[in-house]
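Written out below as structure tokens is the structure these notes cover.
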């Protein structure tokens, strides 16, 4: 690797989300069915609502509401999260449910219906020194 | 109806237990021989075999059946995660109803790996959640439970009460992994696993095997005058619902309706039930979806003792998954065995009074859901 080469931010799973850059906000990548208008995350090839294969790749809303959650008290070996942590289904305005880590809130303060916003965090570095990024939601800061 | 009627002629089960050190083939043989003896049949009468398992190597079915005999019959392995064995019985039921076979044997066997159950889902669209460790095994049950609490006001103690009842029932079942009564307080204060699910609300990993002899009614006449009839069965996977988060492992409510229609019976006719409680909130979700109580009232329904052995609709009389333990591929056969014994009046200290006539099974997992209904 050339000494001048900058560290890159790479998603932990390709095609799932676009990490923010200096020029552009990051977002979760979804699909929108051109035929029936249904949205999906992660993206799909076949629409689960109308079976069309005519799908657009879209940027999903970065804000949503907690549909339900739990507090994981045990971590899975080999995964980047250390218990306890909050895991949730976040419902986006497109009526898409996203499974996500919830951070920046006390464990006993999390509630169904809470408004949350997307952000990205560094899960680890890969062998080439790139920052491997993951997503999470946290309470809306406004 | 042109189809042939189907009978559960014999059942077998090993003791379930944590890390027994027993070989899967040896456990399968024990359960298989017990089922053949219970049915009063010879292995040479079996025309087809099904072997349900999740974690065993390829060829397990042929190896297990070879322990019982080598008559050249086709043996097919069945994997539907936690719902494997009952799906095997359903497949045998389909074939017997269609007149393809008169008699089949379904074995479920599992030797569980040590430690946490390896996560599935690497191939699914939720693979990010698995990769991140966001979906620990009670995750879906816990999130469904939280949503239930939010929507209906269900309390964590309601889930605790279901576990307390299961552990109490398992004291009457020598085959159960747990042989201990836990008070509600002990259950609620046991280690939190994924809120609101505590350790004693979770089924234990267990080794074990089960077996079921499935037979046509005509053929069964030779062996019994009081056959347990399989009068309705349906299996399924989750159905996409526009704009709904996919929390369910299968369309239990729809499958319930299908089996009620197929059998001409309804939830009020059911005298005893086995439902899938890998974690004790499962009992509350299932009894609502199967119509034993109105939606949202499962918590108070269980709290009021309605699912006790002497309750309105006894559920998981043998301790369920929570107390029996969960040898994944074998669990369905444990449910069928218990219901068969209940209908035949052979459940000993766990026997539901008043000669139960109709029994319902609900077995589900990451691979899908099965609902079956039996009649004496």
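Protein chains in written order, with the numbering used here: chain A, 706 to 847; chain B, 6 to 381.
Note that beta-carbon positions come from the ideal geometry of N, C-alpha and C, so glycine has one too.
In this text, all values refer to a predicted model and were calculated from it rather than measured experimentally.
Secondary structure of residue 194 of chain B (DSSP, three-state): helix. At a cut-off of 8 Å between beta carbons, residue 781 of chain A contacts chain B. Across the structure, residue 188 of chain B and residue 46 of chain B are spaced so that their CA atoms are roughly 43 Å apart. Boundaries of the alpha helix (DSSP H) around residue 289 of chain B: 286-294.
Annotated three-state conformation of residue 722 of chain A is strand, per DSSP. By the Cβ-count criterion, residue 216 of chain B is buried, with 16 or more other Cβ atoms from all chains shown falling within 10 Å of its own Cβ. For residue 379 of chain B, the three-state secondary structure derived from DSSP is strand. The Cβ-Cβ distance between residue 213 of chain B and residue 21 of chain B falls below 8 Å. DSSP, reduced to helix, strand and coil, places residue 163 of chain B within a helical segment of the structure shown. Distance from the CA of residue 793 of chain A to the CA of residue 222 of chain B, rounded to the nearest whole angstrom, comes to 49 Å.
Each residue's CA atom was taken as its position, placing residue 786 of chain A and residue 289 of chain B some 30 Å apart. Under the three-state reduction of DSSP output, residue 831 of chain A falls in the coil class, being neither helix nor strand. For the region 746-765 of chain A, residues whose beta-carbon sits nearer than 8 Å to a beta-carbon of chain B comprise 747, 749, 753 and 754. The secondary-structure analysis by DSSP pairs residue 59 of chain B with nothing; it has no beta-bridge partner. Counting of Cβ neighbours within 10 angstroms places residue 170 of chain B among the buried residues, the total reaching 16 or more. Listed along chain B are 248, each with a C-beta nearer than 7 Å to that of residue 800 of chain A.
Within the region 218-280 of chain B, the complete beta strand (DSSP E) segments of 3 residues or longer fall at 233-241 and 277-279, listed in chain order. DSSP, reduced to helix, strand and coil, places residue 42 of chain B within a helical segment of the structure shown.
Residue 175 of chain B and residue 183 of chain B do touch by the CB rule: their CB atoms are close to 5 Å apart, below 8 Å. Counting every other CB atom within 10 Å of its CB across the protein chains shown gives residue 755 of chain A a total below 16, marking it as exposed. Around the Cβ of residue 23 of chain B, a 10 Å sphere holds fewer than 16 other Cβ atoms; the residue is exposed. For residue 200 of chain B, the nearest beta carbon of chain A is closer than 8 Å to its own beta carbon.
Each residue's CA atom was taken as its position, placing residue 715 of chain A and residue 726 of chain A some 11 Å apart. Counting only runs that start and end inside the region 72-123 of chain B, the beta strand (DSSP E) elements of at least 3 residues fall at 80-83 and 108-115.
In this structure, residue 56 of chain B sits near residue 82 of chain B, with a CB-CB distance shorter than 8 Å.
Looking at the DSSP output, residue 155 of chain B shares a beta bridge with no other residue.
Secondary structure of residue 172 of chain B (DSSP, three-state): helix.
Going by beta carbons, residue 158 of chain B and residue 777 of chain A fall outside the 8 Å limit. Interface with chain A (8 Å Cβ-Cβ cutoff): residue 100 of chain B is excluded. By the Cβ criterion, the region 228-244 of chain B is in contact with the region 264-274 of chain B, since at least three pairs of Cβ atoms, one from each stretch, lie closer than 8 Å. Taking 8 Å as the cut-off, the beta carbon of residue 44 of chain B is found no closer than this to the beta carbon of residue 18 of chain B. For the C-beta of residue 345 of chain B, not a single chain A residue is nearer than 8 Å; the gap to the nearest is close to 36 Å. With respect to chain A, the C-beta atom of residue 152 of chain B has a partner C-beta closer than 8 Å. Spanning the alpha carbons of residue 210 of chain B and residue 813 of chain A requires a straight line of approximately 30 Å. Looking at the backbone, the Cα of residue 781 of chain A and that of residue 139 of chain B are separated by about 9 Å.
Taking residue 802 of chain A as reference, the option from A:768, A:837 and A:811 with the minimal CA-CA separation is A:768.
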